[in-house]
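Here's the structure, in structure tokens; my notes come after.
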Amino acid sequence: MSATVNRVGLPRDAYKGAATTLCAGCGHNSITNHMIKALYELGVEPHMLAKMSGIGCSSKTPAYFVESAHGFNGVHGRMPALTTGAHLANRQLIMLGVSGDGDTASIGLGQFMHMIRRNVDCTYIIEDNGTYGLTKGQFSATADLGSVQKKGGVNTFQPIDPCAVALALGCSFVARSFSGDGKQVVPLIKAAIAHRGTAILDIISPCVTFNDHDGSTKSYSWVKDHEESIADVSFIPFFEEVHVDYEPGTVRDVRLHDGSHIVLKKLGEDHDPTDRRAAIQVIEEGRAEGHLVTGLLYVDTAMSDFATTEHIPEQPLKDLGEDELRLSRDDFAQFMSEFA
Amino acid sequence: MSCISLMAEFSGLAYYAEVPVVIFDIQRIGPSTGLPTRTSQADLGFVYTLSHGDTKHLVLLPGTVEECYEFARDAFDHADRFQTPVFVLSDLDLGMNLWMTPEFKYPEKKFDRGKVLAKDDLEKLAGEWGRYRDVDGDGVTYRTLPGTDHPAAGYFTRGSGHDEMARYTEGADAYARNMDRLTRKLETARHELPAPVVDEKGSPIGLIAFGSTDAAVVEARQALDEKGKNVDYMRVRALPLSDEVARFVARHERVYVVEQNRDGQLFDLIRLALPAALVDRMRSIRHYNGQPIPAGAIIEPLMEQEAVPT
Ligand SMILES: Cc1ncc(C[n+]2csc(CCOP(=O)(O)OP(=O)(O)O)c2C)c(N)n1
Ligand code: SF4
Ligand SMILES: [Mg+2]
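From first to last, the protein sequence lines are chains F and Y. Mapping of the first sequence onto my numbering: position 107 corresponds to residue 87, and the numbering continues sequentially without gaps. Mapping of the second sequence onto my numbering: position 51 corresponds to residue 34, and the numbering continues sequentially without gaps.
Given below as structure tokens:
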């Protein structure tokens, strides 16, 4: 009897990785499981997947899914540079970056912003726990003002909200979710992968060891009580037929480059995910009311991605020969004559 | 220069994860922002071991505009063959002033991409390979490129401790084994780097320099010749140092190292590499005011030191 396989003929187990070394109950482990589910269901070919990360508990997780894919666990806050380089060398690869809130909003903020500015085609997941988990619980730049540390220290600085920064920069895909909400995270990961451009996915992911107590706004209980989803997200990949059988006017359908669809079902107020100002307002209102707004905040499917803007050939660098990469004799002579 | 300081951490990552990369450092004078439009050769020691931990890099030292051009191409071959960063050290004098140069030649040499396993190779090996396994004993291991269509092609690399299969480990033996292999790899590379250029007429006095100091040495040697002071010359073109350097020192009674930095960085590196009996033969001439070294800055100190009986 054959096991159930996906569209590329692989069983779910092919998307697993090494056993996790993170704490039991860590939000990051849930995200790893959502990742496995999303990649399996999408039928991503492991050899075409590049898992990139910086440094942190979060950045360790690419070792825990799709073992046979390529992976690079780089240096702190510099995942975007490595991802940009690998992507330019081979545009066919699916670039999947995993970062932490320290990795992104503290040391890596400059890289994060420039990646967005260039709209490098990649999925950028922030496993956001408001703390430096790996180095034992210092506040990160996403920790809320007044947030309390396990040992009583109070955070005295304003938080940086990665989604608000991304929106201000005109990022082409901005979403927020919660590690405990697989129903929302899985379709968002799929949509982020299908999107052509930088897709920022800020996933609140509680650190059970250092930041999961009362007084922390990145704890399981706080998020459960304060999460406010702006729409029900479902994702229909390009290889599946679209059946939208909702009441007219209750859903929004966003078509992505590869023919996939994100279908958003209204929950209460209607949010238009193609309206950047509305997205900024939703975040601001949520913040004023003490809510964590989750869902697809913004998407722009028309923006040109970095490699396209820069006319990078579709053919990977590794497959280009000397003839394609070297100046012809005539061009060389012409070039040299300009110095004479 | 400043940017090289900023990229120290990435240099260590590339050394340890064994990622080919070519970096040109057009040295200006520091420390810090220093004199940002002035020249020096003061990054030599820093770049050679750039980044924390036991890190060491291949460094090419072009001395002319033509060599800058040729080493640029060769640097990519070295980086791919040895899967490690290659620094090419030019300087503001060489890199930003106008120079006369012979016409550049069309690059005939084929690219050398080193030990890369393609799909067919992996099939032959039945997927049996390890990213950091030293199959050939030269310290240089095999790699695949992302996107290679074989289930065994992918591997997970990192700047943290890893074993032959690229798996994370903090194991003491695996760590030391890997570090020793990296030493072996650089030793393999050392013999492949550009050899020193030597111009020797049997004088008891030798002079060693690198990079853009060459132009001043050529002029100084002519002037010294006219004074009846013949000086042999070796121009070093790469780090780690060639064995030729010690042989050159052994053939001379006194050897002057001329360079454009305050502390005699090449002088120190050479002394470290010499057998103890030869160390005393070394003398140092240093020029460090941001201006390109003139011939006089070699002739005068050399004549002065020669006048002192040893
Ligand atoms: C340049 C540099 N500075 C500091 C560190 C130490 N460091 C390791 S992980 C980390 C913070 C990680 O926080 P985050 O990205 O939020 O990941 P988490 O562990 O919370 O998932 C720090 C400061 C480092 N590795 N490199
Ligand atoms: S320290 Fe926190 S972030 Fe790190 S693994 Fe443990 S629970 Fe997760
Ligand atoms: Mg964190």
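Built from N, CA and C at the ideal position, the CB exists for glycine as well.
For Glu236 (chain Y), does the three-state DSSP call read helix, strand or coil?
coil
If you compare alpha carbons, which of F:Asp194, F:His14, F:Ala171, F:Arg71 is closest to Pro293 (chain F)?
F:Arg71
Selection from F:Asp83, F:His94, F:Ser48 that minimises the alpha carbon distance to Ala136 (chain Y):
F:Ser48
Given this structure, state the Cα-to-Cα distance separating Cys6 (chain F) from Ser185 (chain F), to the nearest angstrom.
7 Å
By how many angstroms is the C-alpha of Asp132 (chain Y) removed from the C-alpha of Asp163 (chain Y)?
32 Å
Which residues neighbour ligand 2 when neighbourhood means a C-beta less than 5 Å away from any of its non-hydrogen atoms? List them by chain order.
F:Leu2, F:Cys3, F:Cys6, F:Cys37, F:Gly113, F:Cys187, F:Val188, F:Thr189
Beta-carbon neighbours of Glu86 (chain Y), restricted to chain F and to distances below 7 Å:
Met316
Between His235 (chain Y) and His174 (chain Y), what straight-line distance do the alpha-carbon atoms span, to the nearest angstrom?
23 Å
Residues near Met(-19) (chain F) by beta carbon distance below 7 Å, same chain, minus five either side:
The pLDDT assigned to Met(-19) (chain F) is 47, lower than 50, so where the model puts this residue is not dependable; a value taken from the coordinates is nonetheless given after this. Excluding residues within five positions, none has a Cβ falling inside 7 Å.
Below 8 Å, can you find three or more Cβ-Cβ pairs linking the region 117 to 133 of chain Y to the region 96 to 108 of chain Y?
yes
Quick one: does the C-beta of Ser120 (chain F) sit closer than 7 Å to a heavy atom of ligand 1?
yes
Contact check, Leu300 (chain Y) vs Val69 (chain Y) under 8 Å by CB: the rounded distance?
One cannot answer for residue 300 (chain Y) here, as it falls past the ends of chain Y, which runs -16 to 293.
Could you tell me whether the region 187 to 199 of chain F touches the region 105 to 112 of chain F, where touching means 3 or more Cβ pairs closer than 8 Å?
yes
List the residues of chain Y that Pro296 (chain F) touches, going by C-beta distances under 9 Å, in chain order.
Leu128, Pro129, Gly130
Using a threshold of 8 Å, state whether the C-beta atoms of Gly(-3) (chain F) and Phe52 (chain F) are closer than that.
no
On the CB-based measure, 16 or more other CB atoms within 10 Å of its CB, does Ile164 (chain F) come out buried or exposed?
According to the sequence shown, residue 164 (chain F) is Gln rather than Ile. Buried, since its Cβ has 16 or more Cβ neighbours within 10 Å.
For Ala(-1) (chain F), collect the residues of the same chain with a Cβ closer than 7 Å to its Cβ; drop the 5 residues on either side in sequence, then sort them by chain order.
none
Residue ranges of each beta strand (DSSP E) within the region 244 to 274 of chain Y, 3 or longer
265 to 269
If we require 4 or more residues per run, which alpha helix (DSSP H) segments fall completely within the region 13 to 52 of chain F?
37 to 40
Report buried or exposed for Arg218 (chain Y), applying the criterion of at least 16 other Cβ atoms within 10 angstroms of its Cβ.
buried
Apart from the five residues just before and just after His27 (chain F), which ones in its own chain have a Cβ nearer than 8 Å to its Cβ?
Ser48, Ala49, His50
Run down chain C in chain order and give the residues with a C-beta less than 8 Å from the C-beta of Thr140 (chain Y).
This model lacks chain C altogether; the protein chains it does include are F and Y.
Using only alpha-carbon positions, find the residue among Y:Val181, Y:Tyr271, Y:Asp57 that is nearest to Leu18 (chain Y).
Y:Tyr271
In the DSSP assignment, find the beta strand (DSSP E) that holds Thr274 (chain F) and state where it starts and stops.
272 to 279
Relative to the C-alpha of Thr124 (chain Y), which candidate in Y:Ala172, Y:Thr47, Y:Phe(-7) has its C-alpha closest?
Y:Ala172
Does the separation of the CB atoms of Leu409 (chain F) and Val166 (chain F) fall below 8 Å?
This structure does not reach residue 409 (chain F), given that chain F is present from -19 up to 320, and the question cannot be answered.
Go to Tyr138 (chain Y), then tell me how far its alpha helix (DSSP H) extends in each direction, as first and last residue.
Counting along the chain, Tyr138 (chain Y) falls outside any alpha helix (DSSP H), and DSSP gives it neither H nor E.
Could you check if Glu(-8) (chain Y) belongs to the surroundings of ligand 1, using beta carbon to heavy atom distance under 7 Å?
yes
For Asn135 (chain F), is the classification buried or exposed, using 16 other Cβ atoms within 10 angstroms of its Cβ as the cut-off for buried?
buried
List, in chain order, every chain Y residue whose beta-carbon is nearer than 7 Å to that of Asn70 (chain F).
Pro129, Gly130
Could you please give the first and the last residue of the uninterrupted alpha helix (DSSP H) stretch that includes Met95 (chain F)?
89 to 98
Same chain only: Cβ atoms within 6 Å of Val234 (chain F), ignoring 5 sequence neighbours per side:
Ile242, Val279
Express the C-alpha separation of Gly239 (chain F) and Lys246 (chain F) in angstroms, rounding to a whole number.
22 Å
Residue-level contact to chain F via CB, Glu157 (chain Y), 8 Å cutoff:
Per the sequence presented here, residue 157 (chain Y) reads as Ala, with Glu not at that position. Chain F, which has no Cβ nearer than 8 Å to the Cβ of Ala157 (chain Y), makes this no.
Using DSSP bridges, identify the partner residues of His145 (chain Y).
Y:Tyr151
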